[in-house]
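Be aware that the sequence shown starts at 2, since it is given in our numbering, and climbs by one per residue. Even glycine gets a Cβ: it sits at the ideal position worked out from N, Cα and C. Please read all numbers here as calculations on a predicted model, not as lab measurements.
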Amino acid sequence: NRQVFDAALAAIPGVAPMPLQATYLAWVDFAGTGMDRDELLHRVEREARIAVNHGPTFGAGGESFLRFNLGMPRSQVTEAVARLQAAFADLQ
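What follows is the structure in structure tokens.
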């Protein structure tokens, strides 16, 4: 699942997944997109319809980060990343 997720995010400029640390939770930095938090959350949660954990929940410095849960069937990860790519298509 992580390989599918990382490959899809690699196609979105300014998006940087962090290396996994023996977990199925992906920590992704969106700072490189230049988007403010409201626009970022609108694209991910509203347009792509993906539920995420917000970075600031985990402490200072997390403003540009989102956490994605990859603990699901690969078909669901593939579908979710396709929606995510579509939500950021204007950056590609």
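In this chain, the beta strand (DSSP E) harbouring F66 covers 66–70. In the DSSP assignment, V78 falls within the alpha helix (DSSP H) that extends over 75–88.
V16 is not a Cβ neighbour of T79, given a cutoff of 8 Å. With a contact defined as Cβ atoms closer than 8 Å, A9 and L71 miss out at about 12 Å. For V45, same chain residues with a beta-carbon under 8 Å away, outside a window of 5 residues either side, are I51, V53, L67, L85, A88 in chain order. For the set S65, G62, A11, the Cα lying nearest the Cα of L92 is the one of A11.
For L26, the three-state secondary structure derived from DSSP is strand. Around the Cβ of G60, a 10 Å sphere holds fewer than 16 other Cβ atoms; the residue is exposed.
DSSP places P20 outside both helix and strand once states are collapsed to three, so it counts as coil.
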